[in-house]
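S.K.: Can you keep this structure in mind? I'll have questions shortly.
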Amino acid sequence: MLADPADRCIAGSLDGNDWGEDCLTANIFRPMETKAGQKLPVVVYFHGGAFNLGAAALLAWSEKPFIALNFNYRLGAFGFLSGELMAASNMLNTGLYDQLMLLEWVQRNIEQFGGDPNQVTIMGLSAGAHSIGHQIMYTKNGGRPLFHRALLESGATTARAVYPPKAPLPSVQFDEFALASGCSNVDRGQMISCLRKQSVRTVGQASIDVFNRYNPSDRWAFQPVIDGKIIRAAPISAWESGTWNKIPILTGFNTDEGSPFTPTRLDTSEDFTKFFKELIPALSESDLKELNNLYPDPAVHRESPYYDTRPIDVGSQYKRGTAAYGQYAYICPIQQTAYHASAGQSAPVFLYHWAVNTTVKGGASHADQSAYELYNPGIRKISKTQNLLAGYLHAYFTSFATTGDPNAIKGRYADRPRWAPFTPGKKSGTMVIGEGNDERAGGNSIGVVARMGNISYTKEECDFWWKRTILSES
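Read in order, the letters of the sequence shown correspond to residues 1 to 474 in the UniProt record's numbering.
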């Protein structure tokens, strides 16, 4: 039986009438004729959207039947308003607690829909993957695991900034939100009460306006913060503690993760340095000098890999900026997950690198793989190679989601290369998908559909960013 979708949580726009505060709902999809107690694997999808956008989205089919579940969680100021007053009121990270509540509900109820509470995979992209990273770190659930496998696309617990709630940026953004909501002139001790009295539309529009003021940037408003509870410590410290849910993990990144988030008009060397100084104020002059050496300036070095000859209207430092931003915010934190989670090999970790060049400007951009993993017919009909790319990725992902092993279910793509687990120090530990393919960007190269490769090309860059992870967590 199909029910009408419930309201989405307030995010992005207040147009239409499909939004509201009463939005904590889940959608459950199961194969026809599934019976209660059948104990099919369960896949719970966490949507992305920078913790300020997005809504529950649908999953694709699988060779092995499973129960699919997606859900809404509170976004923007409703889910992630921070600052000293929110900390004092014990109201931090409510969006993450919505996710936790959903996982607890699944454990109690999914058997009634034919699902197995002992075979739950959580899966998400971008902010959905960041969320999953935080849930992996949260171990205070009474000893019973709420999930048993995790698939994180383009996101990690150490990705982007995770500040303490009283840090300068969340505090400034709280004040901006209070001003936009009409509560800046009341006594500070009455601000929370004032915000609660405002209309949902007023508060919702204030949330959207403050977020847009910082978008696109790594300094987005309304993000998870270190509350000492669901995020018990700086994420890098949590990894180093060795305490997290030891489960099979599949995670990965796209070559050009930074292309949608980097200012197009990075025109000068000074623009590049200013961008990162504003992005990470804690970078020292020595750090910035090393950053400039690590990403050779195309204005000085014609042999720089960031010298841009593409026929597109972007600044001369844009290619350089997208590489550095993408590695800082996504690629290196994702590799950090693989390194830490695979330490001791208590549970397998599978790492991928999505390399299909989709557009001249964007390259293999953030979230480009989404249509492929859904086995999208529009993608598959482009060419034989695009059909194989979709088939392989879909087969790997659904096999992992239902078994914990991307190789276990052979299905119609039984000849795809075996995906070996990631092991730190090994030269070959990453499944590279679509390397050299530029068909959709107007090229003629079909490249290599899938092969086991390595991540050595970012070693120096990731060493730099890993040493400075704590700068975005303090």
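Glycine is no exception: its CB is placed at the ideal position from the N, C-alpha and C atoms.
1) Could you pull the DSSP bridge partners for H47 from this structure?
2) By the 10 Å Cβ neighbour count, where 16 or more other Cβ atoms means buried, how is A355 classified, buried or exposed?
3) Kindly indicate which three-state DSSP category S259 falls into: helix, strand or coil?
4) For L2, name the three-state secondary structure that DSSP assigns.
5) If you draw a straight line from the alpha carbon of I208 to that of R74, how long is it in whole angstroms?
6) At which residue ranges does the segment 174 to 208 contain complete alpha helix (DSSP H) runs of 4 or more residues, listed in the order of the chain?
7) Within the same chain, show all residues whose beta-carbon is closer than 6 Å to that of A77, passing over the 5 residues directly before and after it, in chain order.
8) I'd like to know whether the C-beta atoms of I433 and Y352 end up nearer to each other than 8 Å.
9) Tell me, to the nearest whole angstrom, how far the beta carbon of S126 is from that of S154; I am working on the premise that it is less than 8 Å.
10) Quick one, which of I446, R320 and G315 has its alpha-carbon nearest Y306's?
11) Under the three-state reduction of DSSP, which class applies to E435: helix, strand or coil?
12) Quick check on DSSP: helix, strand or coil for A390?
13) Hey, quick one: how far does the beta strand (DSSP E) through N292 stretch, first residue to last?
14) Would you call R160 buried or exposed, if buried means 16 or more other Cβ atoms sit within 10 Å of its Cβ?
15) Can you give the Cα-Cα distance for D287 and E278, rounded to whole angstroms?
16) Taking the alpha carbon of S445 as the reference point, which residue from T385, P406 and K246 has its own alpha carbon closest?
17) Bridge partners for M123 per DSSP, in chain order?
18) Between F275 and Q107, what straight-line distance do the alpha-carbon atoms span, to the nearest angstrom?
19) Per DSSP, what are the beta-bridge partners of T337 in this structure?
20) Going straight from the alpha carbon of R188 to that of L69, what length do you get?
21) Tell me, please, which residues DSSP counts as bridged to H353.
M.R.: In brief:
1) Partner(s): none; H47 has no beta bridge.
2) By the neighbour-count rule (16 or more Cβ atoms within 10 Å), A355 is buried.
3) Coil.
4) Since pLDDT at L2 reaches only 49, below the 50 mark, its modelled position is unreliable, and the value read off the structure follows with that caveat. Reduced to three states, the DSSP call for L2 is coil.
5) Their backbone Cα atoms lie some 13 Å apart in a straight line.
6) Whole alpha helix (DSSP H) segments, 4+ residues: 191 to 197.
7) Taken in chain order, the residues that qualify are F177, S207 and F222.
8) Yes.
9) Indeed they touch by this definition, with Cβ atoms about 5 Å apart.
10) It is R320.
11) In this structure, E435 counts as strand in the three-state DSSP scheme.
12) Helix.
13) No beta strand (DSSP E) contains N292, which is instead part of the alpha helix (DSSP H) from E285 to L294.
14) So R160 ends up on the buried side.
15) Here the alpha carbon of D287 sits roughly 13 Å from the alpha carbon of E278.
16) Nearest option by C-alpha distance: T385.
17) In the DSSP output, where bridge partners are listed per residue, M123 has Y45 and L151.
18) Each residue's CA atom was taken as its position, placing F275 and Q107 some 45 Å apart.
19) In the DSSP secondary-structure assignment, T337 is not bridged to any residue.
20) Going from the Cα of R188 to the Cα of L69 covers about 41 Å.
21) Note: H353 is bridge-paired with F253 and V432 in the DSSP secondary-structure output.
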